[in-house]
Amino acid sequence: MNNSVLIALTLTTFIVLSPVSIAGTVLASINHAVKMSSFNLSSQKWQKRVLLVFAPSVNNHSYQQQMQLFDQHQNGFTDRDLVLVQVLATDKSYANGQPIDESSATNLRNRFGVNKENFRVILVGKDGGVKRQDTTPVQARAIFQEIDAMPMRQQEMQKRGRK
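Residue 697 in the working numbering is what sits at position 11 of the sequence shown, and the numbering runs on without skipping anything.
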């Protein structure tokens, strides 16, 4: 038996006999591959409106209720240039479904003065100003009506041929 066959058999035996350590290594490399990006509110200014949803965790009842209320309205978010940012204290935070790093989430909490145990929904306009704050889940339609009443949104609708 030559050396390469012997090495191959040894490696195969090792892999078969140690699935936990191999699986752990594979999972670690997959988790490492998920790139966390930073989220900077000021980079959205004049480009996008931002809807921030702060909650302690994905298990928070208000958070779950809020996400259900938004679930069927993706087109409304897109049409209104609205970025959904989920800022969670004990779970991963996301901006439009992309994971954001913990320091970005902390910066957003500090900027808006939201404690880790609080639920809050904050709408930030394209000008960077806070347009609406809610401490309980809010209907997507109510947020859309608020946005649609804004002068900048009125101009956008006219440019897109809608009134």
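Positions of the beta carbon are idealized from the N, C-alpha and C atoms, including for glycine.
Since we're looking at a predicted model, the values are computed, not measured.
(message) Less than 6 Å between C-beta atoms, sequence neighbours within five positions excluded: which residues of the same chain meet that for R839?
(response) Walking along the sequence shown from the start, residue 839 turns up at place 153. The residues are I833.
(request) Give every residue of the same chain whose Cβ lies closer than 6 Å to the Cβ of R818, excluding the five residues on either side of it in the sequence, and list them in chain order. (result) The residue labelled residue 818 in the question sits at position 132 within the sequence shown. Correct list, in chain order: L809 and E832.
(request) Using the DSSP secondary-structure output, state which residues sit across from S728 in a beta bridge. (result) Here residue 728 refers to the residue found at position 42 of the sequence shown. Beta-bridge pairing links S728 to no other residue.
(request) Determine, using beta carbons only, whether V800 and D777 come nearer to each other than 8 Å. (result) Position 114 of the sequence shown holds residue 800. Position 91 of the sequence shown holds residue 777. No.
(request) Could you name the residues that DSSP lists as bridge partners for S779? (result) Within the sequence shown, residue 779 is the residue found at index 93, counting from 1. Partner(s): I786.
(request) Reducing DSSP to helix, strand and coil, say where R827 ends up. (result) Residue numbering aside, residue 827 sits at position 141 when the sequence shown is read from its first letter. Note: R827 maps to helix in three-state DSSP.
(request) Specify, as a first and last residue, the run of the beta strand (DSSP E) that R735 falls within. (result) The residue given as residue 735 occupies position 49 in the sequence shown. Element bounds for R735: R735 to A741.
(request) From the DSSP output, in three-state form, read off D834 for me. (result) If you number the sequence shown from 1, residue 834 lands on position 148. In the structure shown, D834 sits in a helix (DSSP, three-state: H, G or I).
(message) Please return the same chain residues whose Cβ sits closer than 8 Å to the Cβ of L755, not counting the five positions on each side in sequence.
(response) On the sequence shown, residue 755 is found 69 positions in, with the first residue counted as 1. For L755, where only same-chain residues beyond five positions count, the Cβ hits under 8 Å are P823, V824, Q825 and A826.
(message) Taking the straight line between their C-alpha atoms, what separation do you get for I716 and P837?
(response) Taking the sequence shown and counting its residues from 1, the one referred to as residue 716 is at position 30. Taking the sequence shown and counting its residues from 1, the one referred to as residue 837 is at position 151. Residue placement at I716 cannot be trusted, given a pLDDT of 38 that sits under 50; the coordinates are not used to answer.
(request) Could you have a look at D820 and say whether DSSP puts it in helix, strand or coil? (result) For this step, residue 820 is matched to residue 134 along the sequence shown. In the structure shown, D820 sits in a strand (DSSP, three-state: E or B).
(message) Bridge partners for S723 per DSSP, in chain order?
(response) Your numbering for residue 723 matches position 37 in the sequence shown. Bridge partners of S723: I786.
(message) Could you give the first and the last residue of the continuous alpha helix (DSSP H) run that contains Q758?
(response) By one-based count along the sequence shown, residue 758 stands at place 72. Element bounds for Q758: n/a, residue is neither H nor E.
(request) State yes or no: is the C-beta of N761 within less than 8 Å of the C-beta of V769? (result) Indexing the sequence shown from 1 puts residue 761 at position 75. Indexing the sequence shown from 1 puts residue 769 at position 83. Cβ distance not < 8 Å, so N761 and V769 don't count as in contact.
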